[in-house]
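K.L.:
To start, I am sharing the structure in question, which I have written as structure tokens.
There are 2 protein chains.
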Amino acid sequence: MSAQVSATPQFEKMALIGFGLIGGSIARAAREQGLAGTIVTTARSAKTRARVTELGIVDAVVETNAEAVKDADLVILCIPVGACGAVAEEIAPCLKPGVIVSDVGSVKGAVVKDMAPHLPGAAHFVPAHPVAGTEHSGPDSGFAELFINRWCILTPPEGTDAGAVERLRAFWAALGAKVEIMTPDHHDLVLAITSHLPHLIAYTIVGTADELAQVTSSEVIKFSAGGFRDFTRIAASDPTMWRDVFLANKEAVLEMLGTFNEDLSKLTRAIRRGDGEALSEHFTRTRAIRRGIVEIGQDSAAPDFGRPHAQLTRKPG
Amino acid sequence: MSAQVSATPQFEKMALIGFGLIGGSIARAAREQGLAGTIVTTARSAKTRARVTELGIVDAVVETNAEAVKDADLVILCIPVGACGAVAEEIAPCLKPGVIVSDVGSVKGAVVKDMAPHLPGAAHFVPAHPVAGTEHSGPDSGFAELFINRWCILTPPEGTDAGAVERLRAFWAALGAKVEIMTPDHHDLVLAITSHLPHLIAYTIVGTADELAQVTSSEVIKFSAGGFRDFTRIAASDPTMWRDVFLANKEAVLEMLGTFNEDLSKLTRAIRRGDGEALSEHFTRTRAIRRGIVEIGQDSAAPDFGRPHAQLTRKPG
Numbered sequence: 032m033s034a035q036v037s038a039t040p041q042f043e044k045m046a047l048i049g050f051g052l053i054g055g056s057i058a059r060a061a062r063e064q065g066l067a068g069t070i071v072t073t074a075r076s077a078k079t080r081a082r083v084t085e086l087g088i089v090d091a092v093v094e095t096n097a098e099a100v101k102d103a104d105l106v107i108l109c110i111p112v113g114a115c116g117a118v119a120e121e122i123a124p125c126l127k128p129g130v131i132v133s134d135v136g137s138v139k140g141a142v143v144k145d146m147a148p149h150l151p152g153a154a155h156f157v158p159a160h161p162v163a164g165t166e167h168s169g170p171d172s173g174f175a176e177l178f179i180n181r182w183c184i185l186t187p188p189e190g191t192d193a194g195a196v197e198r199l200r201a202f203w204a205a206l207g208a209k210v211e212i213m214t215p216d217h218h219d220l221v222l223a224i225t226s227h228l229p230h231l232i233a234y235t236i237v238g239t240a241d242e243l244a245q246v247t248s249s250e251v252i253k254f255s256a257g258g259f260r261d262f263t264r265i266a267a268s269d270p271t272m273w274r275d276v277f278l279a280n281k282e283a284v285l286e287m288l289g290t291f292n293e294d295l296s297k298l299t300r301a302i303r304r305g306d307g308e309a310l311s312e313h314f315t316r317t318r319a320i321r322r323g324i325v326e327i328g329q330d331s332a333a334p335d336f337g338r339p340h341a342q343l344t345r346k347p348g
Numbered sequence: 032m033s034a035q036v037s038a039t040p041q042f043e044k045m046a047l048i049g050f051g052l053i054g055g056s057i058a059r060a061a062r063e064q065g066l067a068g069t070i071v072t073t074a075r076s077a078k079t080r081a082r083v084t085e086l087g088i089v090d091a092v093v094e095t096n097a098e099a100v101k102d103a104d105l106v107i108l109c110i111p112v113g114a115c116g117a118v119a120e121e122i123a124p125c126l127k128p129g130v131i132v133s134d135v136g137s138v139k140g141a142v143v144k145d146m147a148p149h150l151p152g153a154a155h156f157v158p159a160h161p162v163a164g165t166e167h168s169g170p171d172s173g174f175a176e177l178f179i180n181r182w183c184i185l186t187p188p189e190g191t192d193a194g195a196v197e198r199l200r201a202f203w204a205a206l207g208a209k210v211e212i213m214t215p216d217h218h219d220l221v222l223a224i225t226s227h228l229p230h231l232i233a234y235t236i237v238g239t240a241d242e243l244a245q246v247t248s249s250e251v252i253k254f255s256a257g258g259f260r261d262f263t264r265i266a267a268s269d270p271t272m273w274r275d276v277f278l279a280n281k282e283a284v285l286e287m288l289g290t291f292n293e294d295l296s297k298l299t300r301a302i303r304r305g306d307g308e309a310l311s312e313h314f315t316r317t318r319a320i321r322r323g324i325v326e327i328g329q330d331s332a333a334p335d336f337g338r339p340h341a342q343l344t345r346k347p348g
């Protein structure tokens, strides 16, 4: 399968603030697709900047955010959502008129609230969230294919220049993503259930397993193929990013958590009472959702996510 | 990586009661490894029996459990745990003296309690649980590599013939599994946290997502790559099998659920209070568990479980 690109959006200079999984993947894919004349990056730590320089993917690695955004016509903040407000304030005086400023945060309401007041009127603010990722982080973790067939959600504030929205849409399409536009509030509700609550639950159960008195950690690890290991993947995601997500999308997460707790109580009651029929009915219904996800290409149809299996050696004789 | 087999356990006739994911995988692997002279299978439904005949993996497909176990020196029940007691009662009069009777149930205390009273003294009862599986079920879902590098837990009742235990151990080792022996009670606690609770949580959250008023099912499916899709895999597992697991391991599951709920309340409180430090600390700790699982080869080190990614076509010009 390959993503077809009909029109090439071109940016003379793209600045990436942050070079983790998402920033690094944007840089790699934009380079491969020739979407930007120059790609300039910065990162908070000297260690990351040194590593990005070594990787040789971008044209320049600079020390400050101000220097990075200078003359850029596309600026993307690829940093934890809690840091976006301060960076917007910092870069605002250095932005070129007509620049598109965007981000990749997993929460949109809080990011818009934190960033928008700082940005000058001559900048086009088009918040974005590519719904893609892996459990790995850091400058080496990115790859050009990360966004292919994934959705990227744009949440432009009312009155945003339509041309700027279209240019950013075309940019994400060229990275392989399907683009959808919605309000920040609706985005935050959708992501609360499809991403934030799953992460919270995974973080919880992995912590629970780690602290049990009756079952050792080593047993938990050994016998994890019974289901537990699936949860450990997302519970290995970047801690700072996720701390910020829960703080920034508190209300929607707490609301979804309330519904989840009610549903868990119902299933718990069915187990306690030995109500096999209620359990069967529930377990049959949830199968259909998996089918829907596989059918629209949002997950692999291969069993066990297509995890590799070793081969048995046929013993001689 | 290949599993080395040092000694070949041989059974003249192996009978499999049930031919779903696990029974079908045992049949395929045992055939490939030449572990049984004859493999005879039965299944409850005529449709499954017809399909197993078509598949041509086993030597004979028979209509009744009694006929299947006749003259067998290894009998394995590959059926939901709730059905094991009745089948043990049914086959007991037809068992050959010296036969090894085993199962593959995900709960061991209840299975031992249900089966043991029916089995004749001349049969060796060695309960087993291969900790392996996929979300698929039915006669076509099995494959010979399923058990490679996975653990198989044996829970022989006190006083079980050591030779019989050793023969079954060697059988599972030949299928590629690592074998561990423990008590049924300890098994049920270990699996409650590593398998049963994760399935319950996954079933719950997938159900919750399906019933929301504010977010449509189609949105849940579209944006599932943010984490949710990981949960849908195990929530697509066989409903009957899982109904029986929760009914049979009620106490251990409820106990683990209690601990999980306490931990979830703690994290919820941290979110409500905006306690970023508590969140960070927790999220950092859970990363280590994933590393442990990958290090001992119980999951893939590849990002995102090694899910495949499409390629971007470089646009011309």
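Heads up: the protein sequence lines correspond to chains A and B, in order. Count along the first sequence starting at 1, add 31, and that's the number in this note's numbering. Count along the second sequence starting at 1, add 31, and that's the number in this note's numbering. Backbone N, C-alpha and C define an ideal beta-carbon position, used for all residues, glycine too.
Would T239(B) pass as a contact of Y234(A) if the rule is Cβ separation under 9 Å?
P.N.:
Result no, Cβ atoms of T239(B) and Y234(A) do not sit closer than 9 Å.
K.L.:
I'd like to confirm something about M287(A): is its beta-carbon nearer than 8 Å to some heavy atom of the ligand SAH, or not?
P.N.:
Among the components of this structure there are no ligands whatsoever, and the ligand SAH is therefore not found.
K.L.:
Would you call the CB atoms of F178(B) and S56(B) closer than 9 Å?
P.N.:
By the CB criterion at 9 Å, F178(B) and S56(B) fall inside the cutoff.
K.L.:
List, in chain order, every chain B residue whose beta-carbon is nearer than 8 Å to that of G305(A).
P.N.:
L278, K281
K.L.:
Using a C-beta to C-beta distance shorter than 7 Å, which residues of chain B count as neighbours of S350(A)?
P.N.:
In the structure displayed, chain A extends from 32 to 348; residue 350(A) sits before or after that span and is not available.
K.L.:
Can you pull out the residues from the region 308 to 332 of chain B whose beta carbon lies closer than 7 Å to at least one beta carbon of chain A?
P.N.:
Residues of the region 308 to 332 of chain B with a Cβ closer than 7 Å to any Cβ of chain A, in chain order: L310, S311, H313, F314, T315, R316, T317, R318, I320, R321, G323, I324, I327, Q329, D330, S331.
K.L.:
If we define contact as Cβ-Cβ less than 9 Å, is S76(B) a contact residue for chain A?
P.N.:
no
K.L.:
Residues of chain B with a CB under 7 Å from the CB of A266(A): which are they?
P.N.:
Within chain B, the C-beta atoms nearer than 7 Å to that of A266(A) come from T317, R321, in chain order.
K.L.:
For I110(B), which of helix, strand or coil comes out of DSSP?
P.N.:
In the three-state reduction of the DSSP assignment, I110(B) falls in the coil class, being assigned neither a helical nor a strand state.
K.L.:
Can you find a CB in chain A that lies within less than 9 Å of the CB of N292(B)?
P.N.:
By the rule that beta-carbons nearer than 9 Å mark a contact, N292(B) touches chain A.
K.L.:
Which residues in the same chain have their Cβ closer than 6 Å to the Cβ of G337(A), if we skip the five residues on either side of it in sequence?
P.N.:
S331
K.L.:
Using only the alpha-carbon positions, how far apart do L105(A) and P334(A) sit?
P.N.:
Approximately 41 Å, taken between the alpha carbons.
K.L.:
Using beta carbons (cut-off 9 Å, strictly below), is N180(A) in contact with chain B?
P.N.:
Taking Cβ atoms only, chain B reaches closer than 9 Å to N180(A), which makes this a yes.
K.L.:
Roughly how many angstroms separate the alpha carbons of E293(B) and D219(A), rounded to a whole number?
P.N.:
26 Å
K.L.:
Can you tell me the Cβ-Cβ gap for I236(B) and L228(A), rounded? I've got them flagged as a contact below 8 Å.
P.N.:
7 Å
K.L.:
V162(A) touches chain B at which residues, Cβ-Cβ below 9 Å?
P.N.:
K253, F254, S255, A256, G257
K.L.:
Mind checking whether I18(B) and R75(B) have CB atoms under 9 Å apart?
P.N.:
Within the shown structure, residues of chain B are numbered from 32 to 348, placing residue 18(B) beyond reach of any answer.
K.L.:
Using a cut-off of 7 Å between C-beta atoms, extract the partners of F262(B) located in chain A.
P.N.:
P229
K.L.:
Let me know the alpha helix (DSSP H) ranges lying completely inside the region 134 to 196 of chain B, each 4 residues or longer, listed in chain order.
P.N.:
Correct list: 140 to 146.
K.L.:
Can you tell me the Cα-Cα spacing of E63(A) and F174(A), whole angstroms?
P.N.:
11 Å
K.L.:
Expressed to the nearest angstrom, what Euclidean distance is found between the alpha-carbon atoms of K127(A) and A153(A)?
P.N.:
8 Å
K.L.:
Interface residues of chain A around E43(B) at Cβ under 8 Å?
P.N.:
Residues of chain A passing the Cβ test: none, with the nearest at roughly 17 Å.
K.L.:
Specify whether the region 267 to 282 of chain B and the region 238 to 257 of chain A touch according to this definition: at least 3 beta carbon pairs, one from each stretch, less than 8 Å apart.
P.N.:
no
K.L.:
Hey, does G68(B) have any beta-carbon neighbour from chain A nearer than 9 Å?
P.N.:
no
K.L.:
Round the Cβ separation of P170(A) and R82(A) to the nearest angstrom and send it over; I've been treating them as touching at under 8 Å.
P.N.:
5 Å
K.L.:
Can at least three beta-carbon pairs, one atom from the region 251 to 258 of chain A and one from the region 194 to 210 of chain A, be found at a separation below 8 Å?
P.N.:
no
K.L.:
Three-state secondary structure (DSSP) at Q342(A)?
P.N.:
In the structure shown, the three-state DSSP call for Q342(A) is strand.
K.L.:
Which residues in the same chain as S298(A) place their Cβ atom closer than 6 Å to its Cβ, once the five residues preceding and following it in sequence are excluded?
P.N.:
The identity of residue 298(A) in the sequence shown is Leu, whereas the question assumes Ser. Cβ neighbours of L298(A) beyond the five flanking positions: none.
K.L.:
What separation, rounded to the nearest whole angstrom, lies between the Cα atoms of T191(B) and H313(A)?
P.N.:
Approximately 39 Å between the Cα atoms of the pair.
K.L.:
With a Cβ-Cβ cutoff of 9 Å, do I320(B) and V251(A) count as a contact?
P.N.:
yes
K.L.:
Can you give me the start and stop residues for the alpha helix (DSSP H) that E211(B) sits inside?
P.N.:
Where E211(B) is concerned, there is no enclosing alpha helix (DSSP H), although the beta strand (DSSP E) it sits in stretches over 209 to 212.
K.L.:
In the DSSP output, what is V71(A) paired with across the bridge?
P.N.:
A46(A), A91(A)
K.L.:
Which bits of chain A does P339(B) rub up against, with CB to CB less than 9 Å?
P.N.:
S331, A333, G337
K.L.:
Roughly how many angstroms separate the alpha carbons of E176(A) and A163(A), rounded to a whole number?
P.N.:
10 Å
K.L.:
Please name the residue in V100(B), S137(B), V142(B), K144(B) whose C-alpha comes closest to that of P124(B).
P.N.:
V100(B)
K.L.:
Applying a beta-carbon distance threshold of less than 7 Å, which residues of chain B neighbour T165(A)?
P.N.:
P334, D335
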